[in-house]
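**Q** For the sequence shown, our numbering assigns the number 1 to the initial residue and increments by one for each residue that follows. Every residue gets a Cβ at the ideal spot worked out from N, C-alpha and C, and that includes glycine.
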Amino acid sequence: MVAKPRILARDNAKTILTILKKIIENDEDSTSIIDYPVLIGSCAAKWHIPSFRDINDWDLIATISQSISIINEIKTSKTFKYIKLVYYPGGGLKIIGEFIDRYISKDESSIIFDIELVSDKFNLKKMKSNEVLDYDEIGNNDDGYFEIDKIDFERIDYTQPKASGLMILELCCNVEDKILFPLPSNFLCIVAPLKILEALKTSHICWPTDFHKNIADLHLLRDILNYKDMSIIRPLCNPQRDELIEFLLKTRIKETENIRGIPGAHINLNMTNEEFLDNNDNLFVQRRILR
Numbered sequence: 001m002v003a004k005p006r007i008l009a010r011d012n013a014k015t016i017l018t019i020l021k022k023i024i025e026n027d028e029d030s031t032s033i034i035d036y037p038v039l040i041g042s043c044a045a046k047w048h049i050p051s052f053r054d055i056n057d058w059d060l061i062a063t064i065s066q067s068i069s070i071i072n073e074i075k076t077s078k079t080f081k082y083i084k085l086v087y088y089p090g091g092g093l094k095i096i097g098e099f100i101d102r103y104i105s106k107d108e109s110s111i112i113f114d115i116e117l118v119s120d121k122f123n124l125k126k127m128k129s130n131e132v133l134d135y136d137e138i139g140n141n142d143d144g145y146f147e148i149d150k151i152d153f154e155r156i157d158y159t160q161p162k163a164s165g166l167m168i169l170e171l172c173c174n175v176e177d178k179i180l181f182p183l184p185s186n187f188l189c190i191v192a193p194l195k196i197l198e199a200l201k202t203s204h205i206c207w208p209t210d211f212h213k214n215i216a217d218l219h220l221l222r223d224i225l226n227y228k229d230m231s232i233i234r235p236l237c238n239p240q241r242d243e244l245i246e247f248l249l250k251t252r253i254k255e256t257e258n259i260r261g262i263p264g265a266h267i268n269l270n271m272t273n274e275e276f277l278d279n280n281d282n283l284f285v286q287r288r289i290l291r
């Protein structure tokens, strides 16, 4: 059973900053893993491929310190339409939000962002249990009650595989491609290479959300990477990736399963054909994709 995500703070940037600072306050070694956040997702693909579909969302992977800087920069010059800090048990910690230029009211000026937080000291996929806390679940209107001082995460067990976000930061340490995050301070981000974007896109195509958009993006990414060199009628086959990227993909899939559930796990095959087909709106898995 997938544990439901918890909103640790909603529409209060100050509270989010307090929580983030609390997580790293006792970190005796504050050396950054990487100098800049890493841009992934559609915006990164658009940077590499100008003909890529239009986008207005920025997906970032960043350390906690970098995330604090980003929020402070947005607070200084922009207005949040919404912002929330979400904990996904087994999946990690994210800041999800949208901001606008405070002097422009047009919807086109809004920027949607999703920051995946990474630490090489704390396992952000494992919050220390505390029965006093009562967190809000995504989708509820009422905020849950919690004590900021009680929010704490397990230390990383270095005998276990790294989180995929940490792998990405390490793989991108020497990447020179950069882009400016849309803030007046010229906040730089590293643009993830196409081979990482392809692996990330592959990691979530087994889930139905935005399937057709995602599969079209995946075709384009593999085409640009020359994974195909084949007839256009050949199926979208599993490409040959280097060992680190393949391990990143497998780790990312596992983390996505922790957040979204295993595709098709809820389908009950112990029924008649008629009963099974009567549930065609709830089958969840409609096709098999080679990864």
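(1) Expressed to the nearest angstrom, what Euclidean distance is found between the alpha-carbon atoms of Pro-50 and Asp-242?
(2) Would the beta-carbon of Lys-125 fall within 7 Å of that of Gly-90?
(3) Check whether the segment 71-83 touches the segment 54-63, taking contact to mean three or more Cβ pairs, one atom from each stretch, closer than 8 Å.
(4) Give the secondary structure of Lys-4 by DSSP, where H, G and I count as helix, E and B as strand, and everything else as coil.
(5) Can you give the Cα-Cα distance for Asn-12 and Ile-96, rounded to whole angstroms?
(6) Measuring alpha carbon to alpha carbon, tell me which of Ser-119, Gly-261, Lys-81 and Phe-99 ends up nearest Met-167.
(7) Leu-225 and Leu-244: beta carbons closer than 7 Å?
(8) Where Asp-99 and Gly-261 are concerned, what is the direct C-alpha to C-alpha distance, given to the nearest angstrom?
(9) Can you tell me where the alpha helix (DSSP H) with Arg-241 in it begins and where it stops?
(10) Taking the straight line between their C-alpha atoms, what separation do you get for Ser-32 and Leu-169?
(11) With DSSP run on the structure shown, which of helix, strand or coil describes Trp-47?
(12) In whole angstroms, what separates the C-alpha of Leu-248 from that of Gly-165?
(13) Could you give the distance in angstroms between the alpha-carbon of Pro-182 and the alpha-carbon of Ile-253?
(14) To the nearest whole angstrom, what separates the beta carbons of Glu-255 and Gly-41, a pair I think is in contact under 8 Å?
(15) Under a Cβ-count criterion, where at least 16 other Cβ atoms within 10 Å of its own Cβ denotes burial, should Arg-6 be classed as buried or exposed?
(16) Could you pull out every residue in the same chain whose Cβ sits closer than 6 Å to the Cβ of Val-191, ignoring the five residues on either side in sequence?
(17) If you reduce the DSSP assignment to three classes, tell me which class Asp-59 lands in.
(18) According to DSSP, Asn-12 sits in a beta bridge with which residue or residues?
(19) Between the Cα of Asn-123 and the Cα atoms of Asp-101, Ile-111 and Pro-161, which residue gives the shortest distance?
(20) By the three-class DSSP mapping on this structure, what secondary structure does Lys-81 have?
(21) Suppose you measure from the CA of Asn-186 to the CA of Ile-70; what does that come to, to the nearest Å?
(22) Can the beta-carbon of Leu-221 be found closer than 7 Å to that of Glu-198?
(23) What span of residues does the alpha helix (DSSP H) with Arg-222 cover, start to end?
(24) Is DSSP giving Arg-53 helix, strand or coil here?
(25) List the whole-angstrom C-beta distance separating Ile-23 from Leu-85, where the pair is believed to meet the contact cut-off of C-beta under 8 Å.
**A** This is what the structure holds:
(1) Those two C-alpha atoms are separated by around 26 Å.
(2) yes
(3) no
(4) coil
(5) 12 Å
(6) Comparing Cα-Cα distances from Met-167 to each of Ser-119, Gly-261, Lys-81 and Phe-99, the minimum goes to Ser-119.
(7) no
(8) Here residue 99 is Phe; the residue named in the question, Asp, does not match the sequence. Going by the C-alpha atoms only, they are around 30 Å apart.
(9) Taken as a continuous stretch (DSSP letters only), Arg-241 belongs to no alpha helix (DSSP H), as it is neither H nor E.
(10) Near 10 Å, if we compare the C-alpha coordinates of Leu-169 and Ser-32.
(11) Trp-47 falls in the helix class under three-state DSSP.
(12) Rounded to whole angstroms, Leu-248 to Gly-165 spans 9 Å at the Cα level.
(13) Their backbone Cα atoms lie some 30 Å apart in a straight line.
(14) At roughly 15 Å, the Cβ-Cβ gap does not stay under 8 Å, so Glu-255 and Gly-41 are not in contact.
(15) Classification for Arg-6: buried.
(16) Leu-39, Ala-44, Trp-47, Asp-177 and Ile-179
(17) strand
(18) According to DSSP, which records beta bridges pairwise, Asn-12 is partnered with nothing at all.
(19) Pro-161
(20) strand
(21) 11 Å
(22) yes
(23) 211-224
(24) coil
(25) So it is not a contact: roughly 11 Å between Cβ atoms.
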